[in-house]
Every structure is written in C-alpha cells, then in structure tokens.
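Numbering (this note's numbering), first residue to last: 1 to 509. We put the beta carbon where it would ideally sit given N, CA and C, even for glycine. Keep in mind that this is a model prediction, so the values were computed, not measured. Data block below; observations after.
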C-alpha cells in the first residue's frame, strides 16, 4: 500500500524533474500516476484537454478483445483479460460488467469455431470474477429482444463497459494527489539532452501562450497519434518505428432493445460491430476501421454511417437509418505498424521503444488499448528503473482509483448518497455516483437542499459539480464538462448547453 498522500510538488526550475510525460490520454495519465506513486517527481503535459483525443473516442469497453484471437494475439488478450478484473476492482463506479450476446450465423463462423474461441476467452486470463460464456436461446422477451426473429440461437459472454474519459481523468487526479503536476493545454515543443538531463521546451505552460523551459532526467512520449511528431522533436532520438493511424467511428441512435445486455454482430467482411446500451435512452453502435492520413481532425464519413446502419439493420427488428443518428464521433487509434495489409488486422498490442541520449532516458509508446493502460504503465516504468535506482516497486494493481473505494456496487453507493442527501432526485444520484464514486461526497459536502447545488443546467448537472470539475479535474471549456467529464451534453438542448458555456466562461475568466 502507498504512504499517506503527499502535498503536490511545486516545480523547482533550478532542479531537474525526474520525469516529463508527454500526452494526457489514458496511457500518459496512467504512467504519471504510477511514477508519482513510486516517488518520482512528474510533470505531465497535454496540448489539449485531458482525454480529448483517442481516449474519449473508444467503444467504451474494458475487454480482452474476442476478435483478436483470430489474429493470434494471445498475449494481448490474456493480459487484457487479467487487467479487466484489476480495473473492475479499482474503479467500480466507472467500470461495470456487461453481458454480450452473439447471434449465430453459421455461414460466417461455424459453432465449433465460436465455442473454441469463447473457451479460450474464458481461460486465457486465469480466474475471473465474471461468469463464463455459454450457448443461449434468443427469445424476444430475453436475450433476443430487439432482434429479428430469424436469430434464435447464439452465445453470450461477459466483458465490461467503461466511461473512458472519466477513467483518464481519474488517473490524472490520482497522479496529482501523489504530487505530479498536470498541465493540460501545454504543448511540448522539443528537448535536447546533455549530461544525463533533458532540456525541455513547452508552449503555454503558464496559460499565456509563451515558451517555457525546464529540465528532466527522463521523458516518456505517450502522445498517441502524435507520437512520431513528438519523437522527431526530441534531439538525437528520431522515430525508429512507424504508426498506422486507423479511424474508428461510432454512431448513437435511440435505444434499439430493452435489457442491459449488448450485442456483438458479425459482418460478411469478417469484422464485428457492437450495439451497446448507452446512457439509458440510447444505443451506441461501432466501430469502423479506416486507415487515415489526417489524424488530427477525424470525422465520421457518410460511408461509415451507412456501414454501421446497415450492420445494425441486418440484425435488428427495427431498421436503423442515417436519419436516426443523434450523435456520432470518430477517434484515431495510433497503432504500431506491424506491416499488416488491412487496417482491421493491425495489432492492437503496444510496443515500447527506449533509448538513452546524452545520458538521459527516453521511452516512447506505440499502440495500446484502453484495457491495458495500467500494465503498459508498469512496463514503461520498468524501462526507466535502471535510471532511478531508488524508485519504488509496482503498486497500482492493489490501490483503487479516486472514488473507487467502496464495495457492494453502484446500487449500494447510490443508496448511501441518497441517505446522506435525501433531497437529490434518484436519477441525478445515479449519474453522480457513476461519474465520481465516493468523491461525490467531497463536493456535495454539507449541501442540504437543491438550492445549495446552484444552477441546474439539465440532465442532473448542477453548478456545484461543474465547480468541482473546474477546481479538481482541469475543466476549462464547456465541452470539457459536457462530453468528457460528464455526458450530459447529449441529453441537453441548445439553450441548456449555451447556459453551461456562459457559466463556464464566467467561471474560468
């Protein structure tokens, strides 16, 4: 276990930091948390908001990756399945078990192949807290709800769903609580090494857009889609690995089926698509795999929307049309280029490249997936260990993330919140519990009425919670709150979103 939480360290510009982490996605924030907990002085810089690129645009799953077995990614799947249980324990407010139903289509994959794959999936990760896979009869009142009546048999297994952006924020908050300095909206400009120390340059570190400099003994390049650009900006360490930028797009439509199970659908092109219950009233459908060159501004194409709608319509009793889409998003996965021809076949495993320049250490992160971020962080710190002999041992496997220190599930936590704050509407309580876990007690504090929470912007989002997101979670703009730290924007109208934007502008200027 960790010692008592230290006060955040101030940066002493006369002394070199131990570590600069470039990139505020899930990998960067996970590395910063792990490193700070081992006693290193850490600065994390992110050119935008935390989790504002790849990490918020996932399929929102913590899973082993059943389909990766067809590409013989046994190491990755086994590690991911083991991590699934670690993360379920570390953040039970952000991650919860989810049953997946696979309708069977014999002409795409025979039953023996699916059974063999599910058997491997059940056992590659060792012992698990989740139920094993099984054959299912798909009836309209149960696991076949919302499907065409043609689909009568199938299989089910369990994985987990996650609030991806909040998982990233939770890791950043944990890192800061352990003394790391978290600096969003700070661009890494470059670095040069001499005598075992990197001289690093940043832009916007003081909020004024100016250039700022400091020194560090090591750098971790976890810049995601920008990993090669950052690598090329580090003197003496040009990129020695290539990145495949693969766009994954998702659509959100009105709820397609009752029940809390998800569907995993097979396509004739051998790809799979998920239909996942989302925010109560919606279904999330995704994802695509499209190689792209413009990775900075990914946008879903008409072809991708049509593809996802057609896949859902093949299986669902109610057809899905592009006009049904209420929201969509696209993210770019920075995959390690293993030479595979098709984008869908490129490995989802991560690769670490480390080097020493002028006596200073550098580790660069290529690829990876949301589920394995914690293990990736451990491996990155292993690469740095020779440069920091006094660094502590691994610890994150046994310590919950902020808000995750409760037992009994979300229902029990929501009941505790209701007892402490009986004036809160039940549906609002559930959202607060999911977003914050036990941290909700901190910002609700001594509130005794709805009036104490300030303005209600809609969808259970109050000014008091927004203030917490600004003060403790680095929120600055309206979208930081509406679509990352909460998902309330999807359930608000234009007037409500504008009211929140006005409040944020007044609050942060």
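Going by C-alpha positions, residue 196 is about 46 Å away from residue 407. The DSSP assignment places complete beta strand (DSSP E) segments of no fewer than 3 residues inside the region 441–504 at 456–458, in order along the chain. The beta carbons of residue 37 and residue 178 sit closer together than 7 Å. Residue 439 and residue 403 have their alpha carbons spaced roughly 5 Å apart. Note on geometry: alpha-carbon atoms of residue 454 and residue 329 lie some 31 Å from one another.
Taking a contact to require three or more Cβ pairs closer than 8 Å, the region 361–368 and the region 312–330 do not qualify as touching. DSSP places residue 314 in the uninterrupted alpha helix (DSSP H) bounded by 302–315. For residue 231, the uninterrupted alpha helix (DSSP H) run begins and ends at 227–232, by DSSP. For the options 501, 21 and 273, the alpha carbon positioned closest to that of residue 186 is the one of 21. Under DSSP, residue 188 shares a beta bridge with 202. DSSP assignment within the region 29–115 yields the following whole alpha helix (DSSP H) runs of 4 residues or more, N-terminal first: 74–90. According to the DSSP secondary-structure assignment, residue 395 is paired through a beta bridge with no residue. The Cβ atoms of residue 157 and residue 202 do not sit closer than 7 Å to each other.
The shortest C-alpha to C-alpha distance from residue 504 to any of 57, 457 and 110 is the one to 457. Rounded to whole angstroms, the Cβ separation of residue 121 and residue 138 is 20 Å, and the two are not in contact under 8 Å. One alpha carbon belongs to residue 44, the other to residue 428, and they sit about 33 Å apart. In the DSSP assignment, residue 237 falls outside any alpha helix (DSSP H) and carries neither an H nor an E. Apart from sequence neighbours up to five positions away, the residues of its chain that approach residue 62 with a beta-carbon distance below 6 Å are 84, 87, 95, 160, 162 and 371, ordered along the chain. By the criterion of a C-beta distance shorter than 6 Å, residue 287 is surrounded in its chain by 59, 248 and 250, once the five residues flanking it on both sides are discounted. Within 10 angstroms of the beta-carbon of residue 119 lie fewer than 16 other beta-carbons, which makes it exposed.
Taking the Cα positions, residue 421 is about 37 Å away from residue 82. Beta-bridge partners assigned by DSSP to residue 334: 245.
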